[in-house]
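J.: One structure, as structure tokens, below. Some questions next.
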Amino acid sequence: MRGKLVGFLAVLVTMLASSTAWAFRSAPASFTLKARGAVSRGVTVKPVLTKQRTIGLVVFRRLKHTKVGTVPLGTYSGRPSIHWNLKVHGKLLGSGSYVISLRVFAHGKPTNTPGPRPRKLTITGQRVTVG
Numbered sequence: 610m611r612g613k614l615v616g617f618l619a620v621l622v623t624m625l626a627s628s629t630a631w632a633f634r635s636a637p638a639s640f641t642l643k644a645r646g647a648v649s650r651g652v653t654v655k656p657v658l659t660k661q662r663t664i665g666l667v668v669f670r671r672l673k674h675t676k677v678g679t680v681p682l683g684t685y686s687g688r689p690s691i692h693w694n695l696k697v698h699g700k701l702l703g704s705g706s707y708v709i710s711l712r713v714f715a716h717g718k719p720t721n722t723p724g725p726r727p728r729k730l731t732i733t734g735q736r737v738t739v740g
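Residue numbers (this note's numbering): 610 to 740.
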């Protein structure tokens, strides 16, 4: 009986630890996007990270909020300045309005860790603006 109780408690602790693991994963505190004007020059992503994390962007179309895709950026800490060429899955974003979300990535995919507030990006012709 005692062995069953110890086994049950071990399973319970494991389940609780895995379901709350997101709370211990430090998400980016904030981030900014800085546009350089021309689409060909891309944008600069400036996250604020308290710990070293693998981060990336999740891109959505603004009007229908449909997911365009993900852009893994790499592993960083502190306040890096990262250039993004506005490509998702190898293709340049077309004209339109987008919502850009910075997320913590694990195994090449975004995690459920809550991130900072998403940013708006608009591409009109050959111009890109943020805000």
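Ideal Cβ positions, reconstructed from N, Cα and C, are used throughout, including at glycine.
The beta strand (DSSP E) with Ala-647 in it runs from where to where?
T.: Neither: Ala-647 is in no beta strand (DSSP E) and is coded neither H nor E.
J.: What residues match up with Val-695 in a beta bridge as DSSP calls it?
T.: According to the sequence as given, residue 695 is Leu; it is not Val. According to DSSP, which records beta bridges pairwise, Leu-695 is partnered with nothing at all.
J.: Leaving out five residues on either side along the sequence, give the residues of the same chain with a beta carbon under 8 Å from the beta carbon of Val-697.
T.: Contacts found: Val-668, Val-677, Gly-678, Thr-679 and Val-680.
J.: On the three-state DSSP scale, how would you describe Arg-736?
T.: Strand at Arg-736.
J.: Please state the DSSP three-state secondary structure of Val-715.
T.: Note that residue 715 corresponds to Ala in the displayed sequence, not to Val. The answer is strand: DSSP assigns Ala-715 an E or B state.
J.: Between the alpha carbons of Leu-672 and Thr-663, how many angstroms are there, rounded?
T.: Rounded to the nearest angstrom, the two C-alpha atoms are 29 Å apart.
J.: Quick check on the burial criterion: 16 or more other C-beta atoms within 10 angstroms. Buried or exposed for Arg-688?
T.: So Arg-688 counts as exposed.
J.: What is the DSSP secondary structure of Leu-678, counted as helix, strand or coil?
T.: Before going further, note that residue 678 is Gly rather than Leu in the sequence given. The answer is strand: DSSP assigns Gly-678 an E or B state.
J.: Are the beta-carbon atoms belonging to His-692 and Thr-731 less than 8 Å from one another?
T.: Against a cut-off of 8 Å, the Cβ pair of Thr-731 and His-692 comes out as no contact.
J.: Would you check if the distance between the CB atom of Val-648 and the CB atom of Val-737 is smaller than 8 Å?
T.: Their beta carbons are under 8 Å apart, which means Val-648 touches Val-737 by this criterion.
J.: Could you compute how far the alpha carbon of Leu-695 sits from the alpha carbon of His-716?
T.: The alpha-carbon atoms of Leu-695 and His-716 are separated by roughly 22 Å.
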